[in-house]
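To keep things clear, I will list the structure first and then write my remarks on it.
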Amino acid sequence: MAVTTATSRNTRDNTIVLVGHGMVGQRFLEALADRGVTERARVVVLCEEPRPAYDRVHLTSYFSEGASPEDLSMVEDGFMARHGIELHVGDPAVAVDRESCTVTARSGLTVGYDTLVLATGSYPFVPPVPGKDADGCFVYRTIEDLLAIEAYAQGVSSGAVVGGGLLGLEAAGALRGLGLDTHVVEFAPRLMPVQVDEGGGQALRRSVEGLGVTVHTGVGTQEIAVGDDGRVSGMALSDGSVLPTGMVVFSAGVRPRDDLARDCGLPVGERGGIVVDEQCRTQDPAVFAIGECALASDGRVYGLVAPGNEMAETAARTIAGDAGSFTGADLSTKLKLLGVDVASFGDAHGTTDGCLDVRYSDARSGIYRKLVVGSDGTLLGGILVGDVESYGVLRPLTGSVPPVAPEHLVLPAGAGAPVTLGPTALPDEAVICSCNNVTKGAIRGAVTDHDCTSVPDVKKCTKAGSSCGSCVKVLGQLVTAELEAGGVEVDKGLCPHFAQTRAELYEIVLALRISSYRELLDAHGREGARGTDGCEVCKPAVASILASLAATVGASVHVLDGEQAALQDTNDHFLANMQKNGSYSIVPRIPGGEITPERLIVIGEVARDFGLYTKITGGQRIDLFGARVEQLPLIWTRLVDAGFESGHAYGKALRTVKSCVGQTWCRYGVQDSVRMAIDLELRYRGLRSPHKLKSAVSGCARECAEAQSKDFGVIATANGWNLYVGGNGGATPRHADLLAQDLSDAELVRLIDRFLMFYIRTAEPLERTSVWLQRIAGGLDHVRDVVVHDSLGICDELEALMAAHVAGYRDEWADTINDPERLSRFVSFVNAPDTPDPTVRFVPERGQIKPEPILLALTETVTA
Amino acid sequence: MTATTDLSSPATALRGTVELRTADGWLAVCSAEELLPGRGVAALLPDGRQAALFLDRSGRLYAIGNVDPFTGAGVLSHGLLGTVQDRTYVASPLLKQRFDLADGRCLDDDTVAVASYPVRVEPARA
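Here the protein sequences line up with chains A and B, keeping their order.
Residues 1 to 864 in full-length UniProt numbering are what the first sequence spells out, letter by letter.
Residues 1 to 126 in full-length UniProt numbering are what the second sequence spells out, letter by letter.
Given below as structure tokens:
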């Protein structure tokens, strides 16, 4: 960076200097730009780190989800240029002269200011123990820290984190993700001492240890043992024991970075933090301080990003001449650490005079709930560990007297809890969506005054639930309650023939072992629909349920047998995909996209001999187009002889499991992704489901197989596999959610078994996993509870159902070409079996065929 | 467990030859056993046109034109049958428009219809 002296003002007559470009600094710049201040004033930013602001809250995702430093950026492309902001990265401010109103940076750059905003954040506190500066000691704060930890971890097998708070557990998750034998050392008697109490700490500890992290509480670090090579070799603990470890990460809290302010004579708090008023102004009216470096007017230093953002807004408003103040913030948090849900809100530790606790603790399942209640019954706060489902209702109730006794609010559903408190009990002013500050009254109004009839409508209308999504379940309950209160009957039935949802029909079929559509319709259809032909909605939906459960309920495994043949959609009926001119296409299964040259040649020969159009699909297979119905058995005889089987491209079933070449060939691969893709495809082939299922396996975090756009996607890690679910491409793309991490082969398969069977059991017809996951009550958390923690106690059954499917699988095409009865249906005309359909015609294009364009005759007369 | 055999009882009750009437008189198409309740078959008519024949769950026979007027493809015989307000229809497998099996009218577009044909079963001759 050129050393310049830029004390002269440019054309804009007012200069604002921001020191520090973290999340809060960036929020401040955005708030300035929103108010048009950047057009009137020159804005200069001095940033210590070598990169612009990034999402520090999600640092761990760099390890757990393979996010790149760029993915974490908080700055929209072109933001600085568009607003004429001068950003100097890698050049921290080193001195402030309040008399001459100048700031000097490390490079020597000196900038005059009219307004100075300090957003210098905090620094990690490193306890003054001997050996703390040895090779292998780190802090966990910046992307650079992370990169250094990642590099060093390559050479060691174990790591210890000093500090069992929020950040310490994040750091432990990162070390675990790097494959290290991980320890957490916490001086306090429990984990997360600030957020949770002893009971919560116990539940948390049990869950964290279940993830393979060793927890040491109530012990301090006395010394870092250093080997002859100057590298960390272990830790001496205050109880006299020695913990051998290859590296140490200090995460023992943070301290405000207030040295710039101290050095220029601004008052700071006893325990640090630049003293500011309600407008975030320091004692010097030209100087503001925001975020973690500031001591707010309520005497607290806030280490969370949400209060920092509020302070940034307040300072920007004040500078723009608008009214604004920051007097303190709600410290309610709901987060997931190492896969464990933790929430705390209000007066979590019961510091109010005369308050009482109500607790429920189940150490076996890692669940802990505590509510703090005032002497008059007012809910003051609480702590939830392991199951935070009720957070959405309890947080808005804080400050009021709940309509049911507090003990009923902490007991688990069905465990003697006579009342479940629904969101309908909340007052209208309760904030349901805290991200977008939407009250229950506003949500009710969207239904009653704006004609919203569904959660997506209400989301669009009010923005509620459109950020973190944690309130969507409550939203759904409110919308249904409001609609029902308005006399709108919400018919959740499948179609005019069934009043049940698909999920309800599934349960009926399974429980009563029903094996035919007619039996189901005649006994459980709507009144008046019994004995009819049903419709094109319920027939394939029931056929799919029967096919999924065939082996269990005793229905025929082959979809063309008996009554089942009359239920299938056309594609399933001919085991091929109908195209626009009535011809069919054929996709043989190519598991994992791996194919031998010999088989590739067979496909080429078949396509050539039958004159088929060939195209490579997006799922690493080959589609052969333009076959007539009567050609399908002939083509498949050739394919089956060569060892091919049905690819189920025609079915609502597993399609394909894509893969990258993985560890076998790729220099980056960490697992054998092709083998896993083949194993998964062969395991789930033929599985009928509410909609098609796509999958992929990537051999490393580079994700070349695009697993995160699949219904279930698998990404290799150094320790095993990460499982993602609910991804989708198509019209409404959705990135998949991480369901579980670092699974062994067996754990992965078991979890996918459960996930798929739970989806098949509960989804509506033609509902992809992405939509299902967003629609189902409780969303991803609920699905994880069910399939990972077995909260419904159905996992054994789900696994048994999948085992029955796998054992009962047979290739539909091999079975078809060996059965004259089934084969007899593959004719264009029942009265002229050897005549091809004359309406199926082709013309040449680019050396292959395409359907001949058809002239439509919509006016064909009705003859009698 | 209900066996699947009784489900096709309406079809087995029908024995003989399925015939369809065209401008030239009755045309034998197939034997009744070849029809599966709830599904259709296609027949080629002497003038080159195509008909789709269906058997519903109650054992009633229907015949309408096989060419889907919305796409020009001969596919209606491949569609699924359904019942709406006591009328039996077939849904085109391509774009899902429904056609009344009794008269060929499209239930989703009043201006569109396909041909419909009288159909009967002639008892098998001894």
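Glycine residues also receive a C-beta, built at the ideal position from the N, C-alpha and C atoms.
Contact between the stretch 192-202 of chain A and the stretch 146-163 of chain A is absent: fewer than three C-beta pairs spanning the two stretches fall below 8 Å. Inter-segment contact for the stretch 587-605 of chain A and the stretch 833-853 of chain A is absent: fewer than three beta-carbon pairs are separated by less than 8 Å. Annotated as distal: A/Cys-433 and A/Ala-446, with beta-carbon spacing of 8 Å or more. The beta carbon of A/Lys-539 sits closer than 8 Å to some beta carbon of chain B. A contact is defined here as three or more CB-CB pairs under 8 Å, and the stretch 40-57 of chain B meets this definition with respect to the stretch 77-97 of chain B.
Rounded to whole angstroms, A/Val-542 and A/Asp-569 show a C-alpha spacing of 11 Å. Remark: C-beta atoms of A/Gly-173 and A/Gly-253 do not approach each other more closely than 8 Å. DSSP, reduced to helix, strand and coil, places A/Asn-818 outside both helices and strands of the structure shown, so it counts as coil.
If you look at A/Pro-597, you'll find it isn't in any beta strand (DSSP E); it sits in the alpha helix (DSSP H) that goes 597-610.
Assignment of B/Ile-64 by DSSP, reduced to helix, strand and coil, places it in the strand class.
Of the other Cβ atoms in all chains shown, 16 or more fall within 10 Å of the Cβ of A/Ile-16; this residue is therefore buried.
Against chain A, the CB of B/Leu-107 has no partner CB under 8 Å away; the residue lies outside that interface.
Within chain A, no residue has its CB atom less than 9 Å from the CB of B/Val-119, the nearest being about 12 Å off. A/Gly-534 has a beta carbon lying within less than 8 Å of a beta carbon in chain B. Note on geometry: alpha-carbon atoms of A/His-735 and B/Ala-28 lie some 57 Å from one another. Taking the Cα positions, A/Asn-571 is about 13 Å away from B/Leu-95.
The count of Cβ pairs closer than 8 Å, one atom from the stretch 370-386 of chain A and one from the stretch 234-247 of chain A, stays below three, leaving the stretches out of contact. In terms of beta-carbon proximity, A/Ala-511 stays away from the interface with chain B, with every pair separated by 8 Å or more. For B/Leu-61, no chain A residue has a Cβ inside 9 Å of its Cβ, as the nearest lies near 13 Å away. Per DSSP, reduced to three states, the secondary structure at A/Arg-683 is helical.
Annotated as proximal: A/Val-670 and A/Thr-717, with beta-carbon spacing under 8 Å.
Between A/Ser-325 and A/Arg-395, the gap from beta carbon to beta carbon reaches 8 Å or more. For A/Gly-582, the C-beta contacts it makes with chain B under 7 Å involve Ala-73, Gly-74, Val-75, in order along the chain. Annotation for B/Tyr-89: the continuous beta strand (DSSP E) segment containing it runs 87-91.
Distance check between A/Cys-538 and each of A/Gly-626, A/Ala-746, A/Glu-764, A/Ala-731 places A/Glu-764 closest, using alpha-carbon atoms only. The beta carbon of A/Asp-811 sits closer than 7 Å to the beta carbons of Glu-645, Ser-646 from its chain, once the five residues preceding and following it are set aside; these are given in chain order. For A/Pro-69 against A/Arg-56, the beta-carbon gap comes to about 12 Å, at or over 8 Å, which does not count as contact. Contacts with chain A at 8 Å (Cβ-Cβ) do not include B/Ala-102. By the Cβ neighbour-count rule, A/Leu-147 is exposed, with fewer than 16 other Cβ atoms within 10 Å of its own. In this model, A/Asp-561 and A/Ala-705 are separated by some 37 Å (Cα to Cα). At a C-beta separation below 7 Å, B/Glu-34 has these neighbours in chain A: Val-830. A/Arg-599 has its alpha-carbon roughly 59 Å from the corresponding atom of A/His-88.
Note on A/Lys-492: under 16 other CB atoms within 10 angstroms of its CB, so exposed under the neighbour-count rule. Under the Cβ criterion of 8 Å, B/Ala-43 is counted among the residues facing chain A. Taken through DSSP and simplified to helix, strand or coil, A/Phe-326 comes out as coil. Along the UniProt domain "Nitrite/sulphite reductase 4Fe-4S" (651-787) of chain A, there is no position whose C-beta sits under 7 Å from a C-beta of chain B.
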